[in-house]
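In this note's numbering, the protein residues as written are 31 to 216.
We put the beta carbon where it would ideally sit given N, CA and C, even for glycine.
Nothing here was measured: the structure is a model prediction, and the numbers come from that model.
Down below is the structure, laid out as structure tokens.
Given below as structure tokens:
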């Protein structure tokens, strides 16, 4: 699947949330939580068979097989439990809230996400998806001026994952920028 096709699918999901009254920055967050759960599910199965660390009652299947008020309540409990889990899961899900107004909207977005195999996409496509959403948000709000600001919790999580050492330079070879770490979280 091409990057433009998947970007359009993601934008369709974002539009569903936006039409539900979810703000630009919030729909990015909402899609991220659900995509994380879906991709964790995919990585837990063949050919990967990776342990995800997700509690049994916080897995994608717990959402995919529910509807109505039960779906809404299950998702709320999952976000709360993951936010209290400890470790990286806590870093990602602390303070996470479902900002969708109805179980029908949540079910629709889950169906849209569930229709794709996200782990089969290259890292470049996933990066393009994120950049595409950020670009659209900036265009819609008319305040981005082409600049994207990384939220502080994400920066802190990246620093914990990468564990940079003072005076070391971190570089991703496909991007035109370098991140120089001076010993403090930027």
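- Nearest Cα to residue 64 within the set 80, 169 and 129: 129.
- The beta-carbon separation of residue 38 and residue 47, rounded to 15 angstroms, does not stay under the 8 angstroms limit for a contact.
- Secondary structure at residue 82: coil, using DSSP grouped into helix, strand and coil.
- Separation of residue 55 and residue 135 (C-alpha to C-alpha, rounded to the nearest whole angstrom) is 17 angstroms.
- Ranking 131, 84, 132 and 96 by CA distance to the CA of residue 113 puts 84 first.
- Residue ranges of uninterrupted alpha helix (DSSP H) with 4 or more members, entirely inside the region 111–184 and ordered along the chain, are 117–123, 133–144 and 153–171.
- Shown here for residue 147: same chain residues with a beta carbon closer than 8 angstroms to its own, the five before and five after excluded, namely 72 in chain order.
- Counting every other CB atom within 10 Å of its CB across the protein chains shown gives residue 57 a total of 16 or more, marking it as buried.
- Pairing residue 115 with residue 137, the inter-Cα distance amounts to about 25 angstroms.
- In the three-state reduction of the DSSP assignment, residue 50 falls in the coil class, being assigned neither a helical nor a strand state.
- In terms of Cβ geometry, residue 139 and residue 43 form a close pair [threshold 7 angstroms].
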